[in-house]
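Undergrad: In our numbering, the protein residues as written are 5 to 152. By construction, the Cβ of each residue, glycine as well, lies at the ideal position given by its N, Cα and C atoms. The structure presented is a predicted model; accordingly, all values stated were derived computationally and were not measured.
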Amino acid sequence: MTRQATLRKISLLTAVVAAVGLSACGREDDNRTAGQKIDSAVATVEKKTDNAGDKIAAGAQEMKADAKQAADNVGNAVQDAAITAAVNAKLAGDSELSALSIDVDTVGGRVALKGTAPTPAAKTRASELAQGVDGVASVDNQLTVKSS
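#1: Is it right to say Val-91 is buried, meaning 16 or more other beta carbons lie within 10 angstroms of its own, or is it exposed?
#2: In chain order, what residues of the same chain have a beta carbon less than 8 Å from the beta carbon of Thr-88, not counting five sequence neighbours either side?
#3: Would you verify that the beta carbon of Glu-50 is, or is not, closer than 8 Å to some beta carbon of chain D?
#4: Should the segment 119-131 be called in touch with the segment 58-78, which here means at least 3 C-beta pairs below 8 Å?
#5: Assuming contact is defined by CB atoms lying nearer than 8 Å, are Ala-74 and Leu-101 in contact in what I supplied?
#6: Which whole-angstrom value describes the C-beta separation of Val-46 and Thr-18, a residue pair presumed to lie in contact below a C-beta threshold of 8 Å?
#7: Determine the extent of the beta strand (DSSP E) in which Ala-121 is found, giving its start and end residues.
#8: Just to confirm my understanding: we take Gly-113, look at its own chain, exclude 5 residues before and 5 after, and list those with CB closer than 8 Å. What are they?
#9: Apart from the five residues on each side of it in sequence, which residues of its chain come closer than 8 Å, Cβ to Cβ, to Ser-15?
#10: Would you mind stating whether Asp-76 and Leu-133 have Cβ atoms separated by less than 8 Å?
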């Protein structure tokens, strides 16, 4: 038996007890029979139970969407970190760029290079190396060329 079915049975039993209690009060302004009162109470409880079930289902869907979004965010952060590491490795392997301190930041596959380059050609080479890494969507080369 599902949890919702159990809740429905408990709610129905509660409604029946409440209806019987109300009918025993002898309210003169209600001309309905005890059976009609019980039927009305049961219908009300069923409607409220269905509404509660709908709210639970909607909440579960929202939680599922939030969990998926969180997992996607973690996946993107890991991918960006891998891109940053790969770009740093490529720069470190270049004879002109390896001795320099170039800051590499990656967000959503977009790489930003900050720091200095010894020559305009080295600055261009840094962009080319970064663009050659898998997963790089674009490169924003903010390197400045050292003046001699």
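TA: Well, looking at it:
#1: Taking every protein chain shown into account, the CB of Val-91 has 16 or more other CB atoms within 10 angstroms, so this residue is buried.
#2: Val-108, Asp-109, Thr-110 and Val-115.
#3: Included in the structure is just one protein chain, with no chain D present.
#4: No: the two stretches stay apart, fewer than three of their Cβ pairs being nearer than 8 Å.
#5: No; because the gap between Cβ atoms is not below 8 Å, this pair is not in contact.
#6: The pair is not a contact, with the Cβ atoms about 10 Å apart (cut-off 8 Å).
#7: Start and end: 114-121.
#8: In its chain, beyond the 5 residues on either side, Gln-83, Asp-84, Ile-87, Gly-139, Val-140, Ala-141 and Ser-142 have a beta carbon closer than 8 Å to the beta carbon of Gly-113.
#9: Beyond the five residues adjoining it in sequence on each side, Ser-15 comes within less than 8 Å, by CB distance, of Val-49, Glu-50, Lys-52 and Thr-53 in the same chain, given in chain order.
#10: Taking 8 Å as the Cβ cut-off, Asp-76 and Leu-133 do not qualify as a contacting pair.
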